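**Student:**
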Amino acid sequence: MEDKGRSETEIFDELHQFKTKDMTHRSGKILGSMCTCPHPIGLNAFKMFLESNLGDPGLFKGTQAMEDEVISSLGELLGERDVYGHIITGGTEANIMAIRAARNTFKYNHPDCEDINIVVPKSAHFSFKKAADMLCLDLLEAELDENYRVDINSLDELINENTAAVVAIAGTTELGKIDPVEKISELCLERGVYLHVDAAFGGYSIPFLNDMGYDLPNFDFRIPGVCSITIDPHKMGLAPIPTGGILFRKKLS
Ligand SMILES: Cc1ncc(COP(=O)(O)O)c(C=O)c1O
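Every number in our numbering is 2 more than the matching position in the sequence shown, counting from 1.
(1) What I want to know is whether the C-beta of Ser35 ends up closer than 7 Å to one or more non-hydrogen atoms of ligand 1.
(2) What alpha helix (DSSP H) runs, 4 residues minimum, are completely inside the region 126-212?
(3) Identify, in the order they occur along the chain, each residue of the same chain with its Cβ nearer than 6 Å to the Cβ of Glu82, setting aside the five sequence neighbours on each side.
(4) So does the region 115-126 actually touch the region 134-141, counting three or more Cβ pairs closer than 8 Å?
(5) Taking 7 Å as the line, does the beta carbon of Ile171 fall inside it for any heavy atom of ligand 1?
(6) Thinking just about the alpha-carbon of each residue, which of Ser187, Asp213, Leu240 and Leu218 is nearest to the one in Ile231?
(7) For ligand 1, I want to know if Phe203 counts as a neighbour, meaning its beta carbon is within less than 7 Å of at least one of the ligand's heavy atoms.
(8) Hey, how far is the Cα of Gly204 from the Cα of Ser75?
(9) Do Ile233 and Ala201 come within 8 Å of each other at the CB atom, strictly closer than that value?
(10) Between His127 and the rest of its own chain, which residues show a CB-CB distance below 6 Å, the 5 nearest in sequence each way excluded?
(11) Pull the bridge partners of Cys37 from the DSSP assignment, please.
(12) Would you check whether ligand 1 has a heavy atom nearer than 7 Å to the C-beta of His27?
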């Protein structure tokens with residue numbers, strides 16, 4: 003640490019040196035990123051709320067009301083306005099929150115179960131490895147079919163009495179594939195297992211592609227077995243980075 007403070011000019015000169023090493027979305031040279039150039043209105047809106055801390059919602063009642071409204075409108079985009087959730091840092095945090103909720107519900111109903119597992123497709127984002135690690139869960143990986151979507155039979159074989167959650171992906175990280183969520187939902191309802199859909203990437207693109215006339219499969223709360231959905235406004239949603247979203251069908255205590 004330096005003894006004396008530095009001038010604003012020096013600080014910004016140094017920050018600019020770091021910044022010039024970055025690629026920019028506006029350059030048109032970023033081809034493989036699912037995060038998008040934030041919209042100018044989004045940037046200004048983001049700046050307005052930089053001092054709000056929703057860890058203390060009593061102090062920031064307006065921000066809390068706004069988050070509630072954003073969650074409802076994201077829910078509406080995904081087939082059910084009446085949902086619960088949070089705006090957070092991104093898909094990783096959202097997936098960890100969903101798996102934690104599923105794990106806690108499972109533990110409540112099965113207090114003696116020690117070797118709890120979650121079943122994810124082999125195409126799942128590595129945030130599920132982090133979630134399993136942090137929450138001390140076994141991670142079971144289901145095979146993919148010839149179209150790189152999860153193989154239902156493989157999923158079915160892996161689910162057992164210790165399974166706290168099954169994950170389906172709507173927009174896989176590498177290929178944008180959408181798992182057969184309707185069939186997975188039937189399986190989960192039949193086996194009594196929590197179903198989380200990771201639509202971090204697809205949540206902000208699939209509904210709009212369908213509006214444009216594409217016929218992409220359903221993946222959202224219109225499917226009865228879907229308990230929670232990750233949707234990231236910073237992936238294809240033009241929101242400033244970081245902005246993630248987690249939605250739950252039910253309020254879990
Ligand atoms: C399908 C999917 N889920 C989750 C994530 C994690 O999102 P984040 O990088 O915002 O934590 C990604 C990131 O690429 C993703 O593609």
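The beta carbon of each residue, even a glycine, is placed where N, CA and C say it ideally should be. Predicted model, so just to flag it, every value in this text is computed and none were measured.
**Tutor:** This is what the structure holds:
(1) no
(2) Qualifying alpha helix (DSSP H) stretches, in chain order: 129-136, 154-160 and 183-193.
(3) Phe223
(4) yes
(5) yes
(6) Ser187
(7) Checking every heavy atom of ligand 1 against the Cβ of Phe203, one is found closer than 7 Å.
(8) 16 Å
(9) yes
(10) Thr175
(11) In the DSSP output, where bridge partners are listed per residue, Cys37 has Lys237.
(12) For ligand 1, not one heavy atom lies less than 7 Å from the Cβ of His27.
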